[in-house]
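Following: one structure in structure tokens, then a few remarks.
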Amino acid sequence: MIVAGTRPEAIKMAPVFRALQKTKMSTVLFSTGQHGEMLQQAWQSFGITPDIDAHVMTQAQSLAGLSSRLFTLIDAELENIKPDFVLAQGDTTTVLVSSMCSFYRQIPFGHVEAGLRSNNIQSPFPEEFNRRIAGLTATLHFAPTSGAAENLRKEGVEEKSICVTGNTIVDALHYMRDRVRVSPLELPQNVHEAVRAGRPAVLITLHRRELSVEELEAVCNTVAVLARQFQQAVFIWPVHLSPRISSIVHLLLSDRENIFLIHPLGYASLIYLLDKCHFVISDSGGIQEEAPSFGKRVLVLREETERPEAVEAGFCKLLGTDVEALYTEASLLLSSPTPPEHHAANPFGDGHAAERIVQSIKDFFIMNN
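Mapping of the sequence shown onto the UniProt record's numbering: residues 1 to 369, in sequence order.
Right under this line is the structure:
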């Protein structure tokens with residue numbers, strides 16, 4: 001059984017689900033609905049329909065409330081289906097609860113994207129806590145990089161339980177790049193026209209709950225200053241559906257001619273913009289992993305990252321919420337007449353991570369039967 005609840009989980013688990021479908025193993029896909037509309041959009045991007053489609057979110061739900069509902073939902077499905085193996089990806093509440101329910105029922109659990117650590121339990125919150133718990137309960141740890149595998153070894157995880165696979169995001173990108181070439185993209189006309197005209201485009205995504213209202217307002221004000229100074233450039237911001245974020249972003253930036261505030265994008269459209277943009281401003285972990293496949297730089301609005309490989313390779317630069325640094329770095333990149341692409345080896349793999357994960361699961365069953 002694959003359990004996934006958010007848009008990034010769907011994107012990263014889609015290649016694994018497709019790889020499992022090619023085997024003799026029966027696979028049930030359980031979508032918990034932690035991201036609601038954005039999650040459905042992600043499954044549709046890959047032409048996948050979940051076997052179980054739950055709707056766990058309620059209005060103004062706390063993390064404890066979400067966890068409680070997920071425990072009930074996931075445990076009920078484990079009781080009903082009785083899977084031989086449970087697979088989940090990343091560091092969300094869905095992953096946390098999937099790992100614990102599997103542990104309570106003594107069902108082998110595989111953690112995809114295992115071993116990422118910021119070494120700060122408060123940042124990212126609650127993801128660092130979630131993935132540490134998943135790491136405690138996992139039977140198999142699918143580490144995306146050698147650095148992530150080393151983190152697991154330092155925590156005492158047995159070598160035989162660790163498999164370095166690469167990151168499944170690269171698999172997803174390979175699949176979607178082909179799709180982008182042949183499928184229409186649901187982008188607003190003004191975005192299409194600006195990109196086709198060759199205007200320098202800055203892609204912006206912000207969603208982390210650690211970002212305070214004051215910090216978000218400061219980022220918005222800095223983007224407004226950049227938009228005034230670089231009027232030939234366009235700033236494309238797919239605004240997260242969180243009311244806390246969307247209300248502030250629209251209030252401060254909706255009247256700017258060269259700032260396009262748009263609805264959250266399907267994955268194909270996001271990949272298209274990643275390919276075409278000058279650079280990215282983001283607090284997303286997924287963007288840090290995706291940008292190297294396009295040679296694009298990311299100004300990361302976080303104090304720490306659990307993906308140091310992208311920083312070390314020169315694709316990402318950590319700025320925290322220092323808006324002066326954001327202005328300086330963005331101005332430097334926008335002053336370049338051509339997209340400032342960075343040419344270095346992709347630290348996140350070769351696009352065959354899903355195959356390695358499936359083979360590792362096969363080997364596990366052979367060894368334990």
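Here a beta-carbon is modelled for each residue, glycine too, at the ideal position from N, C-alpha and C.
Between Ile74 and Val3, the C-beta gap is smaller than 9 angstroms, which places the two residues in contact. For secondary structure counted as the alpha helix (DSSP H) over 4 or more consecutive residues, the stretch 139-174 holds these complete runs in sequence order: 146-154. Following the DSSP letters along the chain, one finds Val56 in no beta strand (DSSP E), marked with neither H nor E. Only residues of its own chain outside the window of five on either side were considered, and among them Pro8 have a CB closer than 6 angstroms to the CB of Gly286, listed in chain order. Secondary structure of Gln288 (DSSP, three-state): helix. Under the 10 Å beta carbon count, Tyr272 is surrounded by 16 or more other beta carbons and is classified as buried.
DSSP places Phe30 in the uninterrupted beta strand (DSSP E) bounded by 29-31. The stretch 43-55 makes contact with the stretch 21-31, as at least three CB pairs between them are under 8 angstroms.
For Val239, the three-state secondary structure derived from DSSP is coil. With three or more CB-CB distances shorter than 8 angstroms, the stretch 112-127 counts as touching the stretch 151-162. Linking Ser254 to Phe142 through their CA atoms gives a straight-line distance of about 42 angstroms.
In the DSSP assignment, Thr205 forms a beta bridge with Ser282. When secondary structure is reduced to three states using DSSP, Phe71 falls in the helix class. Cβ neighbours of Glu155 within its own chain (closer than 8 angstroms, five residues either side excluded): Gly135.
Three or more Cβ pairs closer than 8 angstroms define a contact, and the stretch 119-130 falls short of that threshold against the stretch 308-319.
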